[in-house]
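Colleague: Take a look at this one; I'll ask things after.
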Amino acid sequence: MAIKTPKWISQVIESYKFTKPLDPSISWALPLTFVGSFAAIFGLGTALGDGAFGLVMKITAFAWAILFTLLVFGKKAEKAAYASVEGVPGAAAQVLTTLKGGWFTTPAVEINKNQEIVHRLVGRPGVILIIEARIGSPIASVARQKAARWVGETPITEVFVGHGEGQVPMAKLTRAVRKLPKVLRPAEVTELRRKLDAAAGGSLPIPKGPMPKGMRIPRR
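Quick note: the sequence shown, position 187, residue 249 per our numbering, numbers continuous.
The structure is reproduced here in structure tokens:
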């Protein structure tokens, strides 16, 4: 009878296979982290002598080494995940889906022939337009004008995604929107989302360019 591999182990293996081509250093960084942290903690326990604290350090050195190794692995896998979608039209929408608890994402409310895309995010900071385009692109003002018809005095914030001046890198996108000032109550957020959805009439433009498929963006 074949022994089934636990799901979490399979996920770790798949993450490693995905990350290694994007970050080859993972093949030596993980063993080095494990050996280094184990040696440091066990050595500290030895230096503390035969007391209770020193004994605990030596006994738990292996567990601590595993923990530190997993932390390094998680950071590298996260970096690789963002690198894999960087520059892919529409990728910001997938990143935004990792936001939970009172955030509502509507992908591709605007898109043009240059594959510049605007996604709409609604949350306690109000309406946030996530713009995959250069700063100053007309698509941003078009999206802002359309949203302004329905939101009244609710703040509309524009966030441009990219690596240029004034833009936010994909890896820092969710962190940036979470830092925006909260001006709405949760009930107001829900009402605002419903109003914008009704105004859209369910006929949002769909990007024709490539979209990332099957890639899990780490939740932050």
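Note that the Cβ used here is the ideal one computed from N, Cα and C, for glycine as well.
Give me the DSSP bridge partner(s) of R182.
Modeller: Bridge partners of R182: T168, L191.
Colleague: Got a sec? Which residues, its chain only, sit under 8 angstroms from A202 by beta carbon, not counting five neighbours each side?
Modeller: Once the five neighbours on either side are set aside, the close Cβ partners of A202 are V180, L191, I193, A195, E220, F222.
Colleague: Can you give the Cα-Cα distance for A91 and K241, rounded to whole angstroms?
Modeller: One C-alpha to the other measures close to 32 angstroms.
Colleague: Please return the same chain residues whose Cβ sits closer than 8 angstroms to the Cβ of V157, not counting the five positions on each side in sequence.
Modeller: So the qualifying residues of the chain are Y144, V147, M232, L235, T236, I279.
Colleague: Within 10 Å of its beta-carbon, does S77 have 16 or more other beta-carbons around it, so buried, or fewer, so exposed?
Modeller: Classification of S77: buried, given that the 10 Å Cβ count is 16 or more.
Colleague: Here's a check: name, in chain order, each residue in its chain whose Cβ is nearer than 8 angstroms to the Cβ of R36, leaving out the five neighbours to either side.
Modeller: Examination of residue 36 is not possible in this model, given that the chain is present from 63 through 282 alone.
Colleague: I need the boundaries of the alpha helix (DSSP H) containing T122, first residue and last residue.
Modeller: Counting along the chain, the alpha helix (DSSP H) containing T122 begins and ends at 114-147.
Colleague: Taking the straight line between their C-alpha atoms, what separation do you get for K270 and L183?
Modeller: With a pLDDT of only 42 at K270, under 50, the local geometry of the prediction cannot be trusted, and no value is derived from it.
Colleague: Which same chain residues end up closer than 7 angstroms to T159 when comparing Cβ atoms and leaving out the 5 residues on each side of it in sequence?
Modeller: Only T167 meet the Cβ criterion.
Colleague: In three-state DSSP terms, what is Q215?
Modeller: Residue identity differs from the one stated: residue 215 is Glu in this sequence, not Gln. Reduced to three states, the DSSP call for E215 is coil.
Colleague: Between which two residues does the alpha helix (DSSP H) carrying E76 extend?
Modeller: Note, E76: alpha helix (DSSP H), 69-84.
Colleague: Where does S99 land, buried or exposed, given buried means 16+ other C-beta within 10 angstroms?
Modeller: With 16 or more other Cβ atoms within 10 Å, it is buried.
Colleague: Compute the Euclidean distance between the alpha carbons of W212 and A238, then round it to the nearest angstrom.
Modeller: When rounded, the distance between both Cα atoms is 25 angstroms.
Colleague: Taking A139 as the reference, which of M119, T216, K79, G107 has the closest Cα?
Modeller: With distances taken between Cα atoms, A139 lies closest to K79.
Colleague: Taking the alpha-carbon of D259 as reference, which of K69, L106, A209 has the nearest alpha-carbon?
Modeller: The shortest C-alpha separation from D259 is found at A209.
Colleague: Grouping DSSP H, G and I as helix and E and B as strand, with all else coil, what is L266?
Modeller: Its pLDDT being 45, under 50, L266 is placed unreliably in this model, and the coordinates cannot settle the point.
Colleague: In the DSSP assignment, find the alpha helix (DSSP H) that holds S99 and state where it starts and stops.
Modeller: First-last of the alpha helix (DSSP H) with S99: 88-109.
Colleague: Measure the C-alpha to C-alpha separation of D85 and A142 and round it to an integer number of angstroms.
Modeller: Roughly 7 angstroms separates the two Cα atoms.
Colleague: Could you check where the alpha helix (DSSP H) with E157 kicks off and where it finishes?
Modeller: Here residue 157 turns out to be Val, not Glu, going by the sequence shown. It spans 153-158 - the alpha helix (DSSP H) in which V157 sits, taken as one unbroken run.
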